[in-house]
Amino acid sequence: METITVERIIPAPIEQVFDWCATSTNYERSRWVLHNELTHPGDGAPYGVGAIRVHTWLIGRFHERITRYDAPHAFDYVVDRSFPPSRHEGGSMTFTEVPNGTKVLWTSSVEVGSPIAATHLTRWLAKPTVSHVFGRILDACAKDLASARN
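The opening position of the sequence shown corresponds to residue -18 in the working numbering, with each subsequent residue numbered one higher.
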């Protein structure tokens, strides 16, 4: 199991950054993310607790359930199923106001579901690839919110 951690400062108000990141269809603005769909809305908010999001990336497909939703400060999720198979112990995005915008901390604990060399595949392939995609998604958030201000 490896924990992936990506951090960015987005120069925008916390509410805007949280809303952009919670709305996973925005992730398609990253070249690595092909399609996102909210297949079941959450309680109290479309992307709230219980929401089901299905992500199709260049590297796979992920069926994700929101387990905590504390707008505009954090949300947690778990990947219930994926292709290629993986084991997921949970992920979270936390949002903190800082002087120049919003600090976003995105973590996810995952292991490739392979009977052979799972530890090595996770550490040397999955972790850097998923870290890269998370970073590109947050870069797209910063770009979109900067465009909205102009």
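Ideal Cβ positions, reconstructed from N, Cα and C, are used throughout, including at glycine.
Rounded C-alpha distance that separates residue 138 from residue 114: The structure shown does not extend to residue 138, since the chain is modelled only from -18 through 131, so no value can be given for it.
Starting from residue 38, trace the beta strand (DSSP E) in both directions and tell me its first and last residue. Taking the first residue of the sequence shown as position 1, residue 38 is located at position 57. Residues 33 to 38.
How about residue 69 and residue 35: do their beta carbons lie closer than 7 angstroms? For the purposes of this step, residue 69 is identified with residue 88 of the sequence shown, where counting begins at 1. For the purposes of this step, residue 35 is identified with residue 54 of the sequence shown, where counting begins at 1. No, the Cβ-Cβ distance between residue 69 and residue 35 is not below 7 angstroms.
Cβ-heavy atom distance between residue 29 and the ligand NAP below 6 angstroms? For the structure depicted, the ligand NAP is absent and the ligand set is empty, with no information on it obtainable.
Quick one: grab the DSSP three-state call for residue 0. For the purposes of this step, residue 0 is identified with residue 19 of the sequence shown, where counting begins at 1. In this structure, residue 0 counts as helix in the three-state DSSP scheme.
Curious, which full-length alpha helix (DSSP H) runs of at least 4 residues does the region 0 to 28 contain? none
By the three-class DSSP mapping on this structure, what secondary structure does residue 128 have? Locating residue 128 in the sequence shown gives position 147, where the first residue counts as 1. Reduced to three states, the DSSP call for residue 128 is helix.
Within 10 angstroms of its Cβ, does residue 103 collect 16 or more other Cβ (buried), or is it exposed? Along the sequence shown, read from residue 1 onward, the residue named residue 103 stands at position 122. So residue 103 counts as buried.
Would you list the residues sitting across from residue 62 in a DSSP beta bridge? In the sequence shown, the residue the question calls residue 62 occupies position 81. Residue 62 is bridged to 44.
I'd like to confirm the pairing. Which residues does DSSP put opposite residue 92 in its beta bridges? As a position in the sequence shown, residue 92 is number 111, starting the count at 1. Beta-bridge pairing links residue 92 to 68.
Would you mind giving the Cβ-Cβ distance between residue 33 and residue 20, rounded to the nearest angstrom? I have them listed as a contact below 8 angstroms. Position 52 of the sequence shown holds residue 33. Position 39 of the sequence shown holds residue 20. Contact flag correct, Cβ pair sits at about 5 angstroms.
Identify the residues that DSSP records as bridge partners of residue 74: which are they? The residue given as residue 74 occupies position 93 in the sequence shown. Beta-bridge pairing links residue 74 to 56 and 87.
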